[in-house]
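Enquirer: Can you read through this structure? Questions will come right after.
In the numbering used here, the protein residues as written are 17 to 276.
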């Protein structure tokens, strides 16, 4: 506010996600990169510390590590892949789940408050990596032609429908999957953070910049609603990490299954 005149409220938008370099001259070293690096350090340290002194009667840290690992192994990998081969994919699925989860939850951590996957490039990278893996294991299992047939020629479909089914199944199973995986994760993180910024910055403007008591009261209510939105956003962050990894596991299971 200048000389009793309220300043203009600048609504948050895509520009709110522009992160300048943390170190001048090192353009690639931005907040998302730092958060992702910290996430990797936390995950590696946690599972190293949890497994360093394994015992029949687990310590609290070992118990937490086993609980986290068993959740991915039993509730995601085993249920979604559903074959005797699921164990070989558990390390990837476990690392992927906690990497996405911690990068999402970073949006609600004070002083960080930024979801890495609100930048579409990060979501594309995770989706493309999963796409490479499930296609690679499918080709290894069935061979190139066998995998193509497995993914594009559903069993039981009449031969005269195949010219229609093959392009549909190819687009659905090969082309669209990484796009839908990445866009779902990105859109939820981007929209959720935008919504939270609207409430928090709006409350700050109404309380400190509007210059009116009534609007300041509305700002307090807006801030409290922002806290509720933050709780909802935390729930969405966890769910999106789970959905991404469950779908990845299902795609792996579909790629190595005997029948389409």
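All residues carry an ideal CB built from backbone N, CA and C; glycine is no exception.
With DSSP as the reference, label residue 145 as helix, strand or coil.
Expert: helix
Enquirer: Compute the beta-carbon to beta-carbon distance between residue 3 and residue 246, rounded to the nearest angstrom, for a pair I have assumed lies under 8 Å.
Expert: With the chain covering 17 to 276 only, the question about residue 3 has no answer from this structure.
Enquirer: Does the distance from the CB of residue 235 to the CB of residue 248 come in under 9 Å?
Expert: no
Enquirer: Report the rounded CA-to-CA distance for residue 17 versus residue 219, giving the unit in angstroms.
Expert: Note on residue 17: pLDDT 48, under 50, position unreliable in the model; the coordinate value appears next. Spanning the two alpha carbons is a distance of roughly 15 Å.
Enquirer: Pull up the distance between the alpha-carbon of residue 133 and that of residue 98, whole angstroms please.
Expert: Rounded to the nearest whole angstrom, the C-alpha separation of residue 133 and residue 98 is 29 Å.
Enquirer: Secondary structure at residue 228, three-state DSSP: helix, strand or coil?
Expert: Three-state DSSP puts residue 228 in coil, outside helix and strand.
Enquirer: Output the boundary residues of the alpha helix (DSSP H) element that contains residue 62.
Expert: 47-68
Enquirer: Among 177, 270 and 261, whose alpha-carbon lies nearest the alpha-carbon of residue 91?
Expert: 261
Enquirer: Spatial neighbours of residue 271 within its chain, please: C-beta separation below 6 Å, excluding the five flanking residues on both sides.
Expert: Close CB contacts of residue 271 within its chain, under the 6 Å cut and outside five residues either way in sequence, are with 150, 153 and 154 (chain order).
Enquirer: Determine the direct distance from the alpha carbon of residue 224 to that of residue 19, and round the result to whole angstroms.
Expert: Reliability fails at residue 19, whose pLDDT of 48 lies under 50, so the model's placement of it is uncertain and no value is given.
Enquirer: If you draw a straight line from the C-alpha of residue 89 to the C-alpha of residue 187, how long is it?
Expert: 30 Å
Enquirer: Mind checking which residues open and close the alpha helix (DSSP H) that includes residue 165?
Expert: 160-168
Enquirer: Over what stretch of residues does the alpha helix (DSSP H) that includes residue 112 continue unbroken?
Expert: Element bounds for residue 112: 106-121.
Enquirer: Is residue 27 helix, strand or coil by DSSP?
Expert: coil
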